[in-house]
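**Q** Let me begin by handing over the structure; questions about it come next.
Number of protein chains: 2
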Amino acid sequence: MLKALGENIKKIRLEKGLTQVDLVGKIEARIDTTNISRIEKGRTNATIHTLYRISEALEVPLSDICKL
Amino acid sequence: MLKALGENIKKIRLEKGLTQVDLVGKIEARIDTTNISRIEKGRTNATIHTLYRISEALEVPLSDICKL
DNA sequence: TCCATACTTGCCATATTTGACAAGTCAAGA
DNA sequence: TCTTGACTTGTCAAATATGGCAAGTATGGA
Numbered sequence: 008m009l010k011a012l013g014e015n016i017k018k019i020r021l022e023k024g025l026t027q028v029d030l031v032g033k034i035e036a037r038i039d040t041t042n043i044s045r046i047e048k049g050r051t052n053a054t055i056h057t058l059y060r061i062s063e064a065l066e067v068p069l070s071d072i073c074k075l
Numbered sequence: 008m009l010k011a012l013g014e015n016i017k018k019i020r021l022e023k024g025l026t027q028v029d030l031v032g033k034i035e036a037r038i039d040t041t042n043i044s045r046i047e048k049g050r051t052n053a054t055i056h057t058l059y060r061i062s063e064a065l066e067v068p069l070s071d072i073c074k075l
């Protein structure tokens, strides 16, 4: 399930033509590519706030990245 | 945003006619009404795994409780 | 081959979620 | 009023997410 979530994020990110660094750059509050990578690989159980910041940077609704 | 998420959960829970205790009872892995209450009140930044377990207990897609 | 870019992974310190329990609030009804 | 059920809030310990940095892997191009 975390893996599916991560793949969702990665898919959307690539569709937008963004690298992890680009994505991080679009997030106001500090976040690290380390964390993006961990989330995309399903290696961490992200908090909803982190996912929310990612959804903002990707310019998609939070619910889009929560579609499993 | 955490508050909106919590209100979402509460709304769905009440629509299903469940109390917090009922909801906890439907979740396989251990969870506490303390945590349900904190999430519903937006006092905690829940992890996606916790929200996923709640969505399972509510029998709705995770994306439904992530609609802000 | 060498280099650059993109990504992954390990480690650390700090902050915070979670589970657990106890105590408190609140509303409805006997 | 008293009781009961539902919910909220405080505190604690343990687990873990996060930010940060460094090192490693993989791929493609000069």
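Heads up: the protein sequence lines correspond to chains A and B, in order.
Each residue of the first sequence is one higher than the last, beginning at 8 in our numbering.
Each residue of the second sequence is one higher than the last, beginning at 8 in our numbering.
For every residue, glycine included, the Cβ atom is placed at its ideal position computed from N, Cα and C.
Small disclaimer: the values here were computed from a predicted structure and weren't measured.
(1) Ends of the alpha helix (DSSP H) at residue 28 of chain A?
(2) Spell out a yes or no on whether the stretch 15-25 of chain B and the stretch 34-49 of chain A are touching, meaning 3 or more CB-CB pairs, one atom from each, closer than 8 Å.
(3) Which residue from A:22, A:59, A:30 and A:52 puts its Cα closest to that of residue 11 of chain A?
(4) Ends of the alpha helix (DSSP H) at residue 11 of chain A?
(5) Between B:9, B:8 and B:43, which lies nearest to residue 64 of chain B when the distance is taken from Cα to Cα?
(6) If you follow the alpha helix (DSSP H) that residue 69 of chain A is in, where does it begin and where does it stop?
**A** Reading from the atomic positions:
(1) Element bounds for residue 28 of chain A: 27-33.
(2) No contact exists between the stretch 15-25 of chain B and the stretch 34-49 of chain A.
(3) Of the listed residues, the one whose Cα sits closest to residue 11 of chain A is A:52.
(4) Run containing residue 11 of chain A: 9-22, per the alpha helix (DSSP H) assignment.
(5) Checked all of B:9, B:8 and B:43; the closest Cα to residue 64 of chain B is B:43.
(6) For residue 69 of chain A, the uninterrupted alpha helix (DSSP H) segment begins and ends at 69-72.
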